[in-house]
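Read the structure below first, then the notes.
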Amino acid sequence: MTTHGDTGDTGHRTRQGRGIGLATTVAAAGGLLFGYDTGVISGALLFIAPEFGLGEAGQQLLVSGLLVGALVGALAGGAITDALGRRRTLVGVAAVFLLGAVLSGLAPGTGVLLGARVLLGLAIGVSSVCVPLYIAEIAPKESRGRLVSMNQFLITVGILLSYLVNSLFAEAESWRWPLLLAGVPALAMLVGLAGAQESPRWLVLRGRVDEARAALAGRTPEQADAEIAEIRAAARDEARWTWSDLRRPQLRPALTLGIGVAAVNQLVGVNAVIYYAPTILSGVFGSDTGALLATVGIGVVNTVVTAVALARIDSWGRRPLLLGGLAVVVAALVALVVLFLLPSQDGIVGVLVVVALCVYIAAFAASLGIAIWLVNSEVFPTAVRGKAAGLGATTHWGIDLVIASTTLTLITTLGESGLFAIFAVIGVAGFVFLHRLMPETKGRSLEEIDAALQERAGRT
């Protein structure tokens, strides 16, 4: 026999499930677009360069345009999201994603294409701030971590999808289609957000408590009251901290580690591979089609390993996964240096190059690929986490821009072996840095993590 209370609880759970489903949809669209627009240029460059007469500088400019926009978007994303609200910001982001896709696919020349890439970068930068925030604030506590992690996973799915689409349109006259197809998930995101609710946290902070209660309709009244009280308490705590407080001595070890992980994440060269793998491999395979197919394999490895690592990170622990993964990254980079020093990369050597790149990507995905987001979420006090994460994101996008704008020039100057040697040396330095500073954070309270950081910082 079903009681009225049971029926009410079932209704609450149903509405709560709809909220989770909406957050998942937003994560899927935002994460997919982030990854897709990041990776799609890699294959398109093979055909854009000859059609528009682009040399190294022009190709690097097209890749870097997205990152300039992303850096600006990430810096402004917090202020935009706070001013407009999470939902309206995401609606604007989806519209910009759609506009950027259409302009990219129909671009008559380099100028329009570059402008479209900058627009897409702005959308990526703002979404990198707003999408995880929106999901974290709309999802119930018990599913929050899983949904935020899924956003990171779907970024890698978006990269893989872009590689697959590029391989399907591996002809000179077809390069516009992969760029245009980015408009499909953008349109889906735009339509899906039409009926979405606003973040309860943002509504509470704006004094719109009744609307916040409506947004928390999936919770029981008691749960809604408790969550609103928590939001108000957290807001009071955050208000006591300013940007200048990040200079406090007790925060220095955490800040050094957070920015250091973001820097090492980029300086071992992962995005040189993400952006330019088809260009690098076209010389190995002697054909664009072979290079694009090999790149798909790299994308599959990236996606699968990211999924496994996200599922197992809590049981494996952060420190051994990060240090072990980085050691394998360095070993794979050394192997690439040796392989590209050989007189020819034909036959078995070419296969070994792809294997080494897959090992490199797998080790990165299992360690630095997820550590950049985990470290900043675990080593900082809650009240300053947003500001600290902003510094980490700025470091990430800034170094990413440098990598994207210099990779082809470094290959021409030093060769592929020289490029990978630089990344290997930085990887060794990064290993030493992280071995000294990175504590194990698994299963520890913020106070225990802070004590471990202070102890490690005192020994350096």
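When we follow this note's numbering, the leftmost residue of the sequence shown carries the number 44, and every step to the right adds one. Glycine included, each C-beta is placed from N, C-alpha and C at the ideal position.
Where residue i falls, given that 16 or more other Cβ within 10 Å makes a residue buried
| i | result |
| --- | --- |
| Asp389 | exposed |
| Glu216 | exposed |
| Val174 | buried |
| Arg291 | exposed |
| Ser358 | exposed |
| His47 | Residue placement at His47 is poorly supported in this model, since its pLDDT is 48, which falls under 50; the coordinates still yield a value, given next. Counting Cβ neighbours within 10 Å, His47 comes out exposed, since fewer than 16 surround it. |
| Thr50 | Note that Thr50 scores a pLDDT of 48, beneath 50, so its modelled location is shaky and nothing firm can be said. |
| Ile202 | buried |
| Asp80 | buried |
| Gln293 | exposed |
| Ile274 | buried |
| Leu496 | buried |
| Val161 | buried |
| Glu491 | exposed |
| Ile391 | exposed |
| Gly435 | buried |
| Gly250 | exposed |
| Leu384 | exposed |
| Gly152 | exposed |
| Asp493 | buried |
| Glu498 | exposed |
| Pro93 | exposed |
| Glu265 | exposed |
| Gly238 | exposed |
| Pro296 | buried |
| Leu382 | buried |
Other residues of its chain near residue i: CB distance less than 6 Å, five sequence neighbours each side excluded
| i | result |
| --- | --- |
| Arg362 | Met481, Glu483 |
| Leu453 | Leu462 |
| Thr45 | For Thr45, the predicted structure reports a pLDDT of 46, less than 50, and the residue's modelled location is therefore unreliable. A value from the coordinates is still provided. No residues qualify anywhere along the chain. |
| Trp245 | Gly128, Arg129 |
| Gly333 | none |
| Arg256 | Ala267 |
| Ala399 | Ala375, Ala378, Leu379 |
| Glu254 | Leu246 |
| Ile415 | Val304, Ala305, Asn308 |
| Phe466 | Val311, Gly312, Leu376 |
Sub-9 Å separation of residue i and residue j beta-carbons
| i | j | result |
| --- | --- | --- |
| Pro228 | Val208 | no |
| Leu146 | Val155 | yes |
| Leu197 | Gly74 | yes |
| Gly86 | Ala213 | yes |
| Tyr206 | Gly326 | no |
| Gly7 | Tyr318 | With the chain running from 44 to 503 in the structure shown, residue 7 is simply not present. |
| Leu451 | Gln102 | yes |
| Gly225 | Ser242 | Before going further, note that residue 225 is Ala rather than Gly in the sequence given. In this structure, Ser242 does not lie closer than 9 Å to Ala225 by Cβ. |
| Leu89 | Leu157 | no |
| Ala138 | Leu163 | no |
| Val307 | Phe423 | no |
| Ile413 | Ala352 | yes |
| Phe328 | Gly368 | no |
| Ile446 | Ala315 | yes |
| Phe77 | Ile167 | yes |
| Val115 | Leu165 | yes |
| Pro321 | Thr338 | yes |
| Val252 | Gly433 | no |
| Ala405 | Val344 | yes |
| Leu141 | Leu204 | no |
| Phe474 | Ala354 | no |
Rounded distance between the beta-carbons of residue j and residue i, thought under 8 Å
| i | j | result |
| --- | --- | --- |
| Val372 | Tyr403 | 6 Å |
| Val418 | Val304 | 5 Å |
| Gln309 | His439 | 6 Å |
| Ser210 | Leu300 | Not really, about 39 Å apart at Cβ, beyond 8 Å. |
Contact set for residue i: own chain, Cβ-Cβ below 7 Å, skip 5 residues either direction
| i | result |
| --- | --- |
| Leu118 | Thr437 |
| Thr455 | Glu99 |
| Ala278 | Leu248 |
| Val134 | Leu233, Leu236 |
| Val15 | The structure shown does not extend to residue 15, since the chain is modelled only from 44 to 503, so the question has no answer here. |
| Leu444 | Ser107, Leu110, Val111, Leu114 |
| Gly441 | Leu114 |
| Thr132 | Ile123, Thr124, Val169, Cys173 |
| Asp288 | Val427 |
| Lys430 | Trp286, Leu289 |
| Gly393 | Val327, Phe328 |
Cβ shell of residue i (< 8 Å), same chain only, five flanking positions each side left out
| i | result |
| --- | --- |
| Leu176 | Thr124, Arg129, Ser242 |
| Thr349 | Gln195, Phe196, Thr199, Ala408, Ala409, Gly412, Ile413 |
| Leu223 | Ala144, Val145, Ser147, Gly148, Leu149 |
Any chain C beta carbon closer than 9 Å to residue i
| i | result |
| --- | --- |
| Leu114 | This model lacks chain C altogether; it includes just one protein chain. |
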